[in-house]
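Same order as they appear, the protein sequences are chains A and B. Going by the numbering used here, the first residue of the first sequence is number 1, and it counts up by one from there. Going by the numbering used here, the first residue of the second sequence is number 288, and it counts up by one from there.
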Amino acid sequence: MNRLEKHINQVLDQMQSPPDEREDIKEELMSHLESAKHHYMSQGIAEEKAEKQAIEDFGNSDIIGHGLQETMYPHQRSLLYFIGIASLLFGALFYINMSFVSGEDEPIWLLIQMIIGSAVTLSAINIAFMGRYYWSLNVIVLIAAMWNGLNLSVVEQTPGKQTIVFWVYLVIMVLLCIFFVIRNSYYSAGQTPIAKKRRTIMKVSYTVNVTFGIMICAAALFFIYAMMIFGGYDWILLIPLSSIIAWLIFFKFQMKLIQNRPLTAIAIGFGFLIIAAVSPFAIASAI
Amino acid sequence: MSLKKKNTIFLSIIVTAFALLYWAGTFAEENPNKHTGFGRSPALSANGEEMAFSYYKEGESGLYTAPASGGEAKQLLPPQTVGSYARPAYSPDDTKLLYIKEWEEEEKPYNQLMIYDFETEQSEPLKSPDHYIQEAVFAPDGKHIFLIKAGSYVENYYGDGESPQDFDIYKMNLENKETKRITKFNFYSLSSLQVTDDEKYLTYSFYNEKDVIQRLNLKNKNTETISSEPQYESDTGDVSVVGSPAISPDGNTIAFSEVADTSDIGTFQYEVFTMKTNGKDVEQITNFHEHVTEPVFFPNGEELLVTVDQNFAGRQTDYEYWKISDNGNEQKQIIIEIPDHSQQE
Numbered sequence: 001m002n003r004l005e006k007h008i009n010q011v012l013d014q015m016q017s018p019p020d021e022r023e024d025i026k027e028e029l030m031s032h033l034e035s036a037k038h039h040y041m042s043q044g045i046a047e048e049k050a051e052k053q054a055i056e057d058f059g060n061s062d063i064i065g066h067g068l069q070e071t072m073y074p075h076q077r078s079l080l081y082f083i084g085i086a087s088l089l090f091g092a093l094f095y096i097n098m099s100f101v102s103g104e105d106e107p108i109w110l111l112i113q114m115i116i117g118s119a120v121t122l123s124a125i126n127i128a129f130m131g132r133y134y135w136s137l138n139v140i141v142l143i144a145a146m147w148n149g150l151n152l153s154v155v156e157q158t159p160g161k162q163t164i165v166f167w168v169y170l171v172i173m174v175l176l177c178i179f180f181v182i183r184n185s186y187y188s189a190g191q192t193p194i195a196k197k198r199r200t201i202m203k204v205s206y207t208v209n210v211t212f213g214i215m216i217c218a219a220a221l222f223f224i225y226a227m228m229i230f231g232g233y234d235w236i237l238l239i240p241l242s243s244i245i246a247w248l249i250f251f252k253f254q255m256k257l258i259q260n261r262p263l264t265a266i267a268i269g270f271g272f273l274i275i276a277a278v279s280p281f282a283i284a285s286a287i
Numbered sequence: 288m289s290l291k292k293k294n295t296i297f298l299s300i301i302v303t304a305f306a307l308l309y310w311a312g313t314f315a316e317e318n319p320n321k322h323t324g325f326g327r328s329p330a331l332s333a334n335g336e337e338m339a340f341s342y343y344k345e346g347e348s349g350l351y352t353a354p355a356s357g358g359e360a361k362q363l364l365p366p367q368t369v370g371s372y373a374r375p376a377y378s379p380d381d382t383k384l385l386y387i388k389e390w391e392e393e394e395k396p397y398n399q400l401m402i403y404d405f406e407t408e409q410s411e412p413l414k415s416p417d418h419y420i421q422e423a424v425f426a427p428d429g430k431h432i433f434l435i436k437a438g439s440y441v442e443n444y445y446g447d448g449e450s451p452q453d454f455d456i457y458k459m460n461l462e463n464k465e466t467k468r469i470t471k472f473n474f475y476s477l478s479s480l481q482v483t484d485d486e487k488y489l490t491y492s493f494y495n496e497k498d499v500i501q502r503l504n505l506k507n508k509n510t511e512t513i514s515s516e517p518q519y520e521s522d523t524g525d526v527s528v529v530g531s532p533a534i535s536p537d538g539n540t541i542a543f544s545e546v547a548d549t550s551d552i553g554t555f556q557y558e559v560f561t562m563k564t565n566g567k568d569v570e571q572i573t574n575f576h577e578h579v580t581e582p583v584f585f586p587n588g589e590e591l592l593v594t595v596d597q598n599f600a601g602r603q604t605d606y607e608y609w610k611i612s613d614n615g616n617e618q619k620q621i622i623i624e625i626p627d628h629s630q631q632e
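This is the structure in structure tokens:
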């Protein structure tokens, strides 16, 4: 790998573009750097020095990469950083609150919170790798949303007026996670030019489908929470949990379908919502 | 900075932060067990001149007596490293004291019934630790005791230990230690056992969807629920949270704690009320705006000893003992000095 290619790869490290798009950007930037290099060589500058000069003119790879990322996927990486660091910060603050105000330290809870916060932050750091896997990234952020949603019930049980601050903090975090997932799903459709009207329909379809998913996950989490209060850990918890997993897998295919048939995808998403709502009761009554 | 370096630095920060938080949390964990202060359920001697109570010092409780008007306490039993002493009850001639020795082993709670002899200054168990005794009181003859015992243990919901259940009332002969079961309630909870001076009634409270106070006629075995007159409305609406009932020496009045108000931050404030055993004449006799509970009648029937928690819903309880008149007009804190045995040893 020559010096120019290495520099371009460092630029691409800051971007979440999928492989095809990455290849196009790489080609374009390479031709730009190559022509700059040839320009200097034609002025009698040695090849190595001409390369260095071209790179210097081109600019710092991190800054250029961030700039391109923000142009093509505005605020997506910042949102990931925000959600990840906010989750970590919540973990630290609420753990201290639990330990010193409620007198209950829960290291397992802290561990899960730190793992989830770290997973989101690491996705932001390694956006060049994680950004290509739109669905996986959605799953990570949705898990963060669900966990922080469950945290609302934990926060409610702690004494003191600071509970209100923690509660608002969590609600904002959950909303940001949902916002990220809708946008990330939309970006998965690629940057190829499509008619504005069709793009709008796609946006609506992604929003509606993610909303259906949130409804399924929220209902399932509510049942899991209620079942744990009244019955503790039991195999029956797997029924609502399987609804969440089923929707996450279903959404992987929906993300593709929305790109091609956004309106059909809304209808199918609604059908899945009905099945997900009915099947746990059907399974439970069959047992 | 390379990606590898960024990832390494980030993960190092996270691992360090987790370790530091975990370490800080261990400091907080130790504090709740290190309670220093009075225990919750003091007992009055039959002549009303002395009181017995448990006192916690850094999480370990000893058993003490003190003049009922306040003053210097006398240590009967020094604090133990594991477990505590609770629920003392005097014999009618004030020569003996029943109490419960409480401890926990492998997530299983134990309550052993013990008796202390003021003359010999010795303690001995009345039941083996296998019997979970919630509380015990002397019968008026001084030769028998009534006790609340759990019939069995049940595993907790979360599988993190066992809890006693199937509570019933028993009568024990102190001479031959023979124990006879006198109820077949199998209640989930049962407490505040008391016997009237004429040994006609046993009063107690239990929880069955709501708090219930009952009395049992020991002669015909009939039970009778004591509830306040309908026009009296509790601050909690439909939920009855009547607690720790105590019967007056003449058996005609019941004192109990009940929610009287709600604090600014939504915590219930309990006060002590009195009513006739037919549920009439409900009267609020304390106005502390705190958690007032465990009323005990003095032998004259005109004054009561109550326990006030000045830090209810907080991490640590902060109990005080107060003497109040039955009409609520007079109240006086019982100030007790605890001798510092650590300096004498």
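Cβ atoms here follow ideal geometry from the backbone N, Cα and C, with glycine treated the same way.
Please confirm whether residue i has its beta-carbon closer than 8 Å to some beta-carbon of chain A.
i	result
TYR309 of chain B	yes
ASN294 of chain B	yes
LEU290 of chain B	yes
GLY335 of chain B	no
GLY357 of chain B	no
TYR324 of chain B	The question names Tyr, but residue 324 of chain B in the sequence shown is Gly. Output row for GLY324 of chain B: interface = no.
Mind pulling the chain A residues with CB within less than 7 Å of residue i?
i	result
ALA304 of chain B	ALA92
GLY346 of chain B	Correct list: empty, because the minimum Cβ distance to chain A is about 13 Å.
GLY312 of chain B	TYR95, SER99, ASP105, PRO107
Just checking my contact of residue i with residue j at CB under 8 Å: how many whole Å lie between their CB atoms?
i	j	result
ALA54 of chain A	TYR40 of chain A	6 Å
GLY326 of chain B	ALA373 of chain B	6 Å
ALA86 of chain A	MET173 of chain A	5 Å
GLN421 of chain B	ASN398 of chain B	7 Å
TYR133 of chain A	SER185 of chain A	At roughly 12 Å, the Cβ-Cβ gap does not stay under 8 Å, so TYR133 of chain A and SER185 of chain A are not in contact.
TYR225 of chain A	LEU150 of chain A	7 Å
Along chain A, which residues have their Cβ under 9 Å away from the Cβ of residue i?
i	result
PHE297 of chain B	SER118, THR121, LEU122, ILE125
Please list the partners that residue i has in chain B, where partner means a Cβ-to-Cβ separation under 8 Å.
i	result
MET114 of chain A	ILE301, ALA304, PHE305
Suppose the cutoff is 7 Å on Cβ atoms and the five residues either side in sequence are ignored; what does the same chain contact list for residue i look like?
i	result
ASN9 of chain A	none
ASP525 of chain B	Interpretation of ASP525 of chain B is limited by its pLDDT of 49, a score under 50 that renders its predicted location unreliable; the figure taken from the coordinates is listed afterwards. Cβ neighbours of ASP525 of chain B beyond the five flanking positions: none.
ASP645 of chain B	Outside the shown range of chain B, which is 288 to 632, sits residue 645 of chain B, and nothing can be said about it.
ILE214 of chain A	ILE178
LYS203 of chain A	TYR186
GLY160 of chain A	VAL101
Residue i bridges to which residues according to DSSP?
i	result
ARG374 of chain B	ARG374 of chain B is not bridged to any residue.
THR549 of chain B	B:PHE555
GLY530 of chain B	B:SER544
SER492 of chain B	B:SER478, B:ILE500
LYS252 of chain A	In DSSP, LYS252 of chain A forms no bridge with anything.
SER439 of chain B	B:GLN452
ASN460 of chain B	B:HIS431
ASP404 of chain B	B:LYS383, B:GLN409
TYR351 of chain B	B:PHE340, B:GLN362
LYS197 of chain A	BP columns for LYS197 of chain A are empty, so no partner.
LYS49 of chain A	Answer is none; LYS49 of chain A lacks a bridge partner.
PRO396 of chain B	B:GLU391
Residues in the same chain with beta-carbon distance under 6 Å from residue i, minus the five sequence neighbours each way, listed in chain order, please.
i	result
LEU503 of chain B	LEU489, THR510
PRO290 of chain A	Nothing can be reported for residue 290 of chain A, as the shown portion of chain A is limited to 1 through 287.
ALA282 of chain A	none
VAL11 of chain A	SER61, ILE64, GLY65
GLN113 of chain A	GLY91
PRO582 of chain B	ALA533, ALA542, VAL559, LEU591, VAL593
Residue i versus chain B: which residues are under 9 Å apart at the beta carbon?
i	result
LEU111 of chain A	PHE305, TYR309
Which residues in the same chain as residue i place their Cβ atom closer than 8 Å to its Cβ, once the five residues preceding and following it in sequence are excluded?
i	result
SER136 of chain A	MET130
THR163 of chain A	VAL155, GLU156
TYR169 of chain A	ALA86, PHE90
Are the C-beta atoms of residue i and some chain B residue less than 8 Å apart?
i	result
ASP13 of chain A	yes
CB of residue i to nearest heavy atom of the ligand ZN: below 7 Å?
i	result
GLY91 of chain A	Among the components of this structure there are no ligands whatsoever, and the ligand ZN is therefore not found.
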